[in-house]
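Working notes for the structure below.
Chains as they are written, first to last, in the working numbering: chain A, 133 to 199; chain B, 1332 to 1591.
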């Protein structure tokens, strides 16, 4: 298991090979999202080659209604 | 054809609308269709991890292929947070770079913090964003934001969500007389006449959310706003008659009156 700071919460997840696999486990693959890892934006094209390690800080955002 | 041009792109509608505070996505879509708006603002927020990822999303209700999304920085109180939010928005929307910058001062007034707004605008413009910027009705700040390279300057009419209408038309007129980029009234519009007044003053467009979403019948109000913006624009282009205080002028012929 790895512990991630994800969207402001500390949570445990099974270890994964990369960000693409992690998003798949959250059923977020193919969704309109954007991901920031440790303060840096991860382009969609980099999901497969971006590792997700214990202690990483992730922000995953979506578009919602707003003015 | 009288179109609104922002960052080189033309729009038929001069009404921009927010997508917040509706009861559901169906109502959001119906109201936006009734408004005729082509540009819609959206907020960027954390996903709820663990929530059903297949529930409907705003992007399903308002396909980005049909509407121009204007991601905002609502809720940001520092330049850094606003910049970070819009970088995420650009990634989220596949490189889309037209954005609404707002950096707020405090949660009670939601008044813009113009110092942080200017800082953020400088960075975002350098990074290639096309920045439409929410600001106060201070003409000096408005001009500075134009000089930085913002593609539209959007002064408030009154506080966000207050529905108080246009409190200082004189300041808006000073801003309108000095800026070349589109000046768009953003925030404070309460009803159709407020939108018409903004357009009669010469604003390029009006941006609103609560005035529509907070109406008892949002879809009918959206339709009213569409007409008000169009009417105000036509009145502006037509050029109103001069005001003549204390001196009436009859509309009917003064000759040929019976008994004369």
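Using N, Cα and C, we set each Cβ at its ideal position, and we do this for glycine too.
For residue i, which of the options has the nearest alpha-carbon?
i: residue 1435 of chain B; options: B:1427, B:1383 and B:1449; result: B:1449
i: residue 1474 of chain B; options: B:1415, B:1384, B:1507 and B:1442; result: B:1507
i: residue 1522 of chain B; options: B:1512, B:1503 and B:1545; result: B:1545
i: residue 1352 of chain B; options: B:1444, B:1502 and B:1372; result: B:1372
i: residue 1550 of chain B; options: B:1342, B:1350 and B:1343; result: B:1350
i: residue 1500 of chain B; options: B:1472, B:1534 and B:1383; result: B:1534
i: residue 1503 of chain B; options: B:1539, B:1496 and B:1468; result: B:1468
Identify the continuous beta strand (DSSP E) that holds residue i and give its terminal residues.
i: residue 168 of chain A; result: 166-169
i: residue 1377 of chain B; result: 1370-1377
i: residue 141 of chain A; result: 141-145
i: residue 1530 of chain B; result: Careful: residue 1530 of chain B lies outside any beta strand (DSSP E), inside the alpha helix (DSSP H) at 1523-1532.
i: residue 1461 of chain B; result: 1461-1466
i: residue 1575 of chain B; result: It is not in any beta strand (DSSP E) - residue 1575 of chain B carries neither H nor E in the DSSP assignment.
i: residue 191 of chain A; result: 189-197
i: residue 138 of chain A; result: 134-138
Just reading off the alpha helix (DSSP H) that residue i is part of, what are its end residues?
i: residue 1547 of chain B; result: Taken as a continuous stretch (DSSP letters only), residue 1547 of chain B belongs to no alpha helix (DSSP H), as it is neither H nor E.
i: residue 1457 of chain B; result: 1445-1457
i: residue 1392 of chain B; result: 1389-1392
i: residue 1364 of chain B; result: 1356-1366
i: residue 1588 of chain B; result: Run containing residue 1588 of chain B: none; DSSP gives neither H nor E here.
i: residue 1475 of chain B; result: 1470-1479
i: residue 1506 of chain B; result: 1500-1509
For residue i, go through chain B and note every residue whose CB falls closer than 8 Å to its CB, in chain order.
i: residue 159 of chain A; result: 1384 and 1385
i: residue 191 of chain A; result: 1377 and 1419
Taking residue i as the query, report the chain B residues whose CB atoms sit under 9 Å from its CB, ordered along the chain.
i: residue 175 of chain A; result: 1422
i: residue 166 of chain A; result: 1375, 1418, 1419, 1420, 1421, 1422, 1423 and 1424
i: residue 139 of chain A; result: 1377, 1378, 1379 and 1380
i: residue 187 of chain A; result: What residue 187 of chain A touches in chain B: nothing, since even the nearest Cβ is about 17 Å away.
For residue i, verify whether its CB is less than 7 Å away from any heavy atom of the ligand MG.
i: residue 1504 of chain B; result: Ligands are entirely absent from the displayed structure, and the ligand MG is therefore not among its contents.
In chain A, which residues lie less than 9 Å from residue i when you measure between Cβ atoms?
i: residue 1388 of chain B; result: 163, 164, 194, 195 and 196
i: residue 1465 of chain B; result: The premise fails here: residue 1465 of chain B is roughly 10 Å from chain A at the closest Cβ pair, so nothing lies under 9 Å.
i: residue 1459 of chain B; result: The contacting residues do not exist; residue 1459 of chain B stays about 14 Å from chain A at best.
If you draw a straight line from the alpha carbon of residue i to that of residue j, how long is it in whole angstroms?
i: residue 178 of chain A; j: residue 1366 of chain B; result: 39 Å
i: residue 1553 of chain B; j: residue 1347 of chain B; result: 11 Å
i: residue 1417 of chain B; j: residue 1541 of chain B; result: 23 Å
i: residue 195 of chain A; j: residue 1555 of chain B; result: 27 Å
i: residue 1398 of chain B; j: residue 198 of chain A; result: 15 Å
i: residue 1429 of chain B; j: residue 1536 of chain B; result: 16 Å
i: residue 1466 of chain B; j: residue 1586 of chain B; result: 55 Å
i: residue 163 of chain A; j: residue 1563 of chain B; result: 41 Å
i: residue 1400 of chain B; j: residue 1440 of chain B; result: 26 Å
For residue i, which residues in chain A fall below 8 Å Cβ to Cβ?
i: residue 1444 of chain B; result: The premise fails here: residue 1444 of chain B is roughly 18 Å from chain A at the closest Cβ pair, so nothing lies under 8 Å.
Check the Cβ of residue i against every Cβ in chain A and list those closer than 7 Å, keeping chain order.
i: residue 1350 of chain B; result: 197 and 198
i: residue 1359 of chain B; result: 197
i: residue 1353 of chain B; result: 197
_Does the structure place the stretch 1512-1527 of chain B close enough to the stretch 1477-1492 of chain B that three or more beta carbon pairs sit under 8 Å?_
Judged by pairs of C-beta atoms under 8 Å, the stretch 1477-1492 of chain B touches the stretch 1512-1527 of chain B, as three or more such pairs exist.
_Any contact between the stretch 1559-1578 of chain B and the stretch 1524-1534 of chain B? By contact I mean 3 or more CB pairs, one from each, below 8 Å._
Verdict: yes, contact present.
*Are at least three pairs of beta-carbons, each pair with one atom in the stretch 1403-1412 of chain B and one in the stretch 174-193 of chain A, less than 8 Å apart?*
These segments do not touch.
*Is there contact here, the stretch 151-171 of chain A with the stretch 1335-1343 of chain B, by at least three beta-carbon pairs under 8 Å?*
Short answer: they don't touch.
*Counting pairs of Cβ atoms below 8 Å between the stretch 1388-1397 of chain B and the stretch 1355-1370 of chain B, do you hit three or more?*
Touching, yes.
*What residues in the stretch 1396-1408 of chain B bring their beta carbon closer than 9 Å to a beta carbon of chain C?*
Annotation note: the requested chain C is absent from the structure, which comprises protein chains A and B.
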